[in-house]
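This report refers to the structure that appears directly beneath it.
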């Protein structure tokens, strides 16, 4: 027989009905539209070591479902609206699957099949209560308890309550040899749902609704994530999970940084997620979903049910923003979120007119959550010890979700990803990049967002393939300036560039670019340093472009024909660390007094004046000059010649096919 409430017991028990909470109603509609969906399943796998009485555990489950009404509730449709129907004291059935007679390899394979089956359970919310469980006997001294609840009946905050009550009821059932009984819960979920709806109907949350809409603005841009596969026309919920541990050194630095900044680890960890998404997507305005436990009131602390409330945090970033500034902005966002924590997400959603794309979730495409907890003392079942076992997700609610658990000594993350959009190696790359970004936040908080390094030499190949799948195999590992250098070595005397009667050969152009690149490196240009380039169309312009790339930097074209105010804005917004220009053009940036300026007309790039200057630095430059295809190549503003730009387009790859110059000219 299937696990759960025995349907034979419900007919004689009568029923009680009540309206759903706002979160439950949203979940009901999602399941109604996608009955095959398992993304909102909440599976738990528990290893039990020691003697176990399976019959006593079944009686403990029965006591648990009697105490928590939501665990014996079905959800039906009446007059076009969902309604919760509470069945009476239904008899919970806990199947026992005995694998102890199987050889070890087959036993493990059979267990994995059982886990997949219960984690991927398709709940019929109208027919049965949304809870399932089974007990798997591995041998006389070890069992695996598999439990799965639909999110409509539970959340992460309910897990410790359920385990604690189950352990208490088991001890009682074991001791008495008969039925177990738990005291009534202080508050039923049905009463919580009624109170929540009454508060909204009375207008008690109107101020919070106004505050959230003012914070979010009229329209939230969708986050355009680079994906491995084409996004389906209708949102899919297929998913997998990737677990990873934070480096102990980064963990300690994280706690020290948060103490210095007077913020919680959530702020720094969320900052790393927003920064990664901004750089990965080349987009600096988007939203992230943030779940809140929804248990701020004392009366709700013991309540089992779907209490979590999702909040929408808007990321308004800029390449020139420092990582410390990002953290402080998020700290201010957190204050607003705490002040208006009680507004149901569904009420906010209903008040907005954001554009709807059926291929992605509304409001936000990624989620971030954090639990602060050193591993709690897990209750025992009699003399048996319980330990939670990690499992792979069977669904993904959003494109990407990052969940963190942080304790005093360690931190562990879980990246849930839509497997219809991303491959497993992409998920691993994202996890590695996230840890690298977090390390830069805690180690170099004054670094600018536009200068973040996302990947290292070992992962650049993957990053390149993801962003530029059309690059041919023989060029996929090369950079633009690397390919040019190869041409210069092969046909150095051939003409490379002509401008107004003047020309340079490949060898001459390569030599001038290398000399300028060394000069830039000594002025502080490193990997992905934004360098402003304000030069008229000339041979020097081409030299400077190649030199910036060779030094590892990213050039920011500054068209001399643009208004002075616009030029100053682009330079400041993109976070340029150095301006390369000629003649009097540099005076157009006088409003930025701290910006270093390198005038090309003051240099003699035809002569190798730097050859013997600082040989040790030159050796270091030679080791670094082999830039990697995954580095940022340029930042181009595309909105027109006046006013604030609609946005910047960031090339994520410095590969041959990763650079496209408007009208054949970077200032076009």
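Numbering (the numbering used here), first residue to last: 1 to 668.
The beta carbon of each residue, even a glycine, is placed where N, CA and C say it ideally should be.
Let me check understanding here. Comparing Cα to Cα, which of 125, 280, 534 lies closest to residue 33? 125
Can you give, in chain order, each stretch of the beta strand (DSSP E) that sits fully within the region 302 to 364 and has at least 3 residues? 309 to 316
Taking only beta-carbon atoms, is residue 193 less than 7 Å away from chain C? Absent from the structure is chain C; it holds one protein chain and no more.
Report the partner residues of residue 581 according to the DSSP bridge assignment. 534, 599, per the DSSP bridge assignment.
Whole angstroms are fine: how far does the CA of residue 190 sit from the CA of residue 299? 13 Å
Helix, strand or coil: how does DSSP classify residue 471 here? Unreliable positioning characterises residue 471 in this predicted model, as indicated by a pLDDT of 36, which lies under 50. The coordinate reading is nonetheless provided below. Judged by DSSP in its simplified three-state form, residue 471 adopts coil rather than helix or strand.
Selected residue, minimal CA-CA separation from residue 23, among 17, 153, 141: Closest by alpha carbon: 153.
Any heavy atom of the ligand COA closer than 6 Å to the beta-carbon of residue 200? As far as ligands go, the structure on display features none, and thus does not contain the ligand COA.
Classification of residue 176 by the beta-carbon crowding that lies within 10 angstroms, buried from 16 upward: exposed
Got a sec? Which residues, its chain only, sit under 8 Å from residue 157 by beta carbon, not counting five neighbours each side? 293, 294, 295, 307, 308
Strictly by DSSP, which residues pair up with residue 82? When DSSP reads this structure, residue 82 sits in a beta bridge with 77.
In chain order, what residues of the same chain have a beta carbon less than 7 Å from the beta carbon of residue 236, not counting five sequence neighbours either side? The answer, listed in chain order, is 418, 420.
Just how far apart, CA to CA, sit residue 197 and residue 228? 42 Å
What are the boundary residues of the alpha helix (DSSP H) that includes residue 443? 424 to 443
Taking 8 Å as the limit between beta carbons, can you name the residues of its chain near residue 431, skipping five residues before and five after? 242, 244, 413, 415
Which residue marks the beginning of the alpha helix (DSSP H) containing residue 265, and which one marks its end? 265 to 281
Give the DSSP-derived three-state secondary structure of residue 97 in the structure shown. strand
Sequence-distant residues of its chain with Cβ nearer than 7 Å to residue 589 (five each side left out): Non-local C-beta neighbours of residue 589 in its own chain, meaning closer than 7 Å and more than five positions away in sequence, comprise 567, 568, 571, 579, 595, ordered along the chain.
Spell out the partners DSSP gives residue 634 in its beta bridges. 555
Does DSSP put residue 142 in a helix, a strand or coil? In this structure, residue 142 counts as strand in the three-state DSSP scheme.
Let me make sure I understand the geometry here. Which of 605, 606, 530, 576 has the alpha-carbon closest to that of residue 633? The residue with the shortest Cα to Cα distance from residue 633 is 530.
Considering only the alpha carbon of each residue, which of 217, 521, 582 lies closest to residue 601? Distance from the Cα of residue 601 is smallest, within the candidate group 217, 521, 582, for 582.
Using C-beta distances below 8 Å, list every residue in its chain close to residue 502, excluding the 5 sequence neighbours before and after it, in chain order. 539
Check whether the region 249 to 267 and the region 328 to 336 touch, using three or more Cβ-Cβ pairs below 8 Å as the test. yes
Would residue 174 and residue 56 qualify as a contact pair, given that the criterion is a beta-carbon distance under 7 Å? yes
May I ask you to report which of helix, strand or coil DSSP gives residue 245? strand
Between residue 167 and residue 379, is the Cβ-Cβ spacing less than 7 Å? yes
In whole angstroms, what is the alpha-carbon distance linking residue 183 and residue 68? 10 Å
At what residues does the beta strand (DSSP E) containing residue 43 begin and finish? 41 to 49
Take residue 350 as the anchor and find which of 172, 336, 26 has the nearest alpha-carbon. Proximity to residue 350 across 172, 336, 26 peaks at 26, based on C-alpha coordinates.
Burial state of residue 179 (16 or more Cβ within 10 Å): exposed
Answer yes if the region 28 to 48 comes into contact with the region 117 to 131, meaning at least three C-beta pairs across the two stretches below 8 Å, and no otherwise. yes
Do the region 271 to 280 and the region 428 to 443 meet, that is, are 3 or more Cβ pairs less than 8 Å apart? yes
Can you have a look at residue 224 and say buried or exposed, based on whether 16 or more other CB atoms are within 10 angstroms of its CB? exposed
Secondary structure at residue 160, three-state DSSP: helix, strand or coil? helix
Could you give the distance in angstroms between the alpha-carbon of residue 323 and the alpha-carbon of residue 479? 28 Å
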